[in-house]
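To start, the structure itself, in structure tokens.
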Amino acid sequence: MKINFNNCTEEELWKYVASYLQIKGIDTVLVGGSVVSVYTDGAYQSGDLDLILTSMFVKNLSEVMGEIGFQRRSARHYTHPECKHLFIEFPAGPIEIGSDNNIAPETVEFEGKKIKILSPTDCVKDRLASYLYFNARECFDQALLVAKRHPVNLPKVKKWCKNENREDVFIEFRSKLKSIKN
Amino acid sequence: MLEVIFGNSTAAKIMLYLYHYGEIYASGASKDMNITLSQVQKQLDKFETAGIFVSKKIGNVRIYKFNPKVGTINKLKELVGVYYEAIPLSEREKIFNLRRRPRRRGKPVIKGEV
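In structure tokens form, the structure reads like this:
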């Protein structure tokens, strides 16, 4: 795949980087705000890609990222000299959304490689987690953006909110979703 | 033993300190625990990079707390809590002797209260 680093979208950069890492045997899952960007076709832009390594025993990440032009900037940040608008971060794993650590990512096939991303339902839970734990109202809106465009398993979201002792967040979410869908 | 689990005594002290106060900033922790600022900052950075702490800048101060978005952190807090509870109350009062909870502006301070 060819990519124009100057003006690539989050989705294009994710597919490029994740599939290259996959070729090199490094399995990742896209999480965080950039998942919203992918599921809303860029209607929301996060500015960074959060990739969680599914194995904690990866040793050659810097070397492999270097092969596609990315330079390590800190313990977990990588930038590309031609890509001024986006950077890549590798947050510490495993994937957890509040008390839920049983996350099954979705697999997307891209140019024969299988790359992984949070499902729309888990993306909604992840955004709601930022809302309820960090009071980030914008994350609540991002959850709505995703749920408006993709099928989301609402009973699962409800159960998750209940486990986090915040069923009120689900009630608010369901109510707002209903109003924007009508 | 906590220092062995977390790799060094500064890390263990920061964990106990944060467990006690609920939030932490580098210069305050450095002063209270008599550890150099650079050591504290280095350790806070490490915990943040690992996703254990999250931070937020308020004015000129960066405040750290346990990452509430990650469920495993609660298990870690439970572990720290076991060691925290094992510290005798009298000793705990000496170690964590600063009042960090809100105090109304202008309220008089009586002798012995910090």
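Residue numbers (this note's numbering), protein chains in the order written: chain A, 1 to 182; chain B, 1 to 114.
Idealized CB from N, CA, C, for every residue including glycine.
Cα-Cα separation between residue i and residue j, rounded to whole angstroms
| i | j | result |
| --- | --- | --- |
| A/T79 | A/V35 | 19 Å |
| A/K113 | A/I23 | 8 Å |
| A/L3 | A/L49 | Here residue 3 of chain A turns out to be Ile, not Leu, going by the sequence shown. So the alpha carbons of these two residues sit roughly 16 Å apart. |
| B/N115 | A/V157 | Residue 115 of chain B cannot be examined here, being either before or after the span of chain B that is shown, 1 to 114. |
| B/Y21 | A/P81 | 42 Å |
| A/K159 | B/K94 | 44 Å |
| B/T49 | A/S74 | 9 Å |
| B/A29 | A/I117 | 39 Å |
| B/K31 | A/E109 | 54 Å |
| B/I5 | B/L79 | 10 Å |
| A/G47 | A/N7 | 12 Å |
| A/E164 | A/E11 | 30 Å |
| A/Y39 | A/H150 | 8 Å |
Contacting residues, own chain, Cβ-Cβ under 6 Å from residue i (five flanking each side not counted)
| i | result |
| --- | --- |
| A/Y20 | I68 |
| A/C139 | R127, S130 and Y131 |
| A/A18 | T28 and I115 |
| A/C83 | F5 |
| B/Y84 | L16 and Y19 |
| B/Q43 | T10, A11 and I14 |
| B/Y64 | I24, L44, F53 and S55 |
| A/R122 | Note that residue 122 of chain A corresponds to Asp in the displayed sequence, not to Arg. Only I103 meet the Cβ criterion. |
| A/A147 | V124 and L177 |
| A/G137 | Going by the sequence as given, residue 137 of chain A is Arg instead of Gly. Taken in chain order, the list of residues that qualify is empty. |
Exposed unless 16 or more other CB atoms sit within 10 angstroms - verdict on residue i
| i | result |
| --- | --- |
| B/T116 | Residue coverage of chain B in this structure runs from 1 to 114, which leaves residue 116 of chain B outside it and unanswerable. |
| A/T107 | exposed |
| A/K162 | exposed |
| A/G32 | buried |
| B/A26 | buried |
| A/S37 | buried |
| A/L30 | buried |
| B/V114 | Low confidence applies here, because B/V114 scores a pLDDT of 45, under 50, leaving its location unreliable; read the following figure in that light. So B/V114 ends up on the exposed side. |
| A/I97 | buried |
| A/E15 | It is Lys, not Glu, that sits at residue 15 of chain A in the sequence shown. That one is buried. |
| A/L145 | buried |
| A/N101 | exposed |
| A/E167 | exposed |
| B/V61 | exposed |
| A/I180 | exposed |
| B/V40 | buried |
| A/I52 | buried |
Proximity test, Cβ basis, 7 Å: residue i and chain B
| i | result |
| --- | --- |
| A/Y78 | no |
| A/A136 | no |
| A/Y133 | yes |
| A/A143 | no |
| A/A129 | yes |
Beta carbon proximity, residue i to chain A, threshold 7 Å
| i | result |
| --- | --- |
| B/T49 | yes |
| B/V70 | yes |
Close Cβ partners of residue i (< 7 Å) along its chain, the five nearest in sequence each way excluded
| i | result |
| --- | --- |
| A/T9 | G42 |
Cβ shell of residue i (< 8 Å), same chain only, five flanking positions each side left out
| i | result |
| --- | --- |
| B/N67 | G51, I52, F53, V54 and I73 |
- Item | Against chain B: residues of the region 91-106 of chain A by CB proximity under 9 Å | Correct list: P91, A92, G93, P94, E96, I97, G98, S99, D100 and N101.
- Task: Return the residues of the region 53-82 of chain A that lie within a Cβ-Cβ distance of less than 9 Å from chain B, sorted by chain order.
- Result: Residues passing the 9 Å Cβ filter: S74, A75 and R76.
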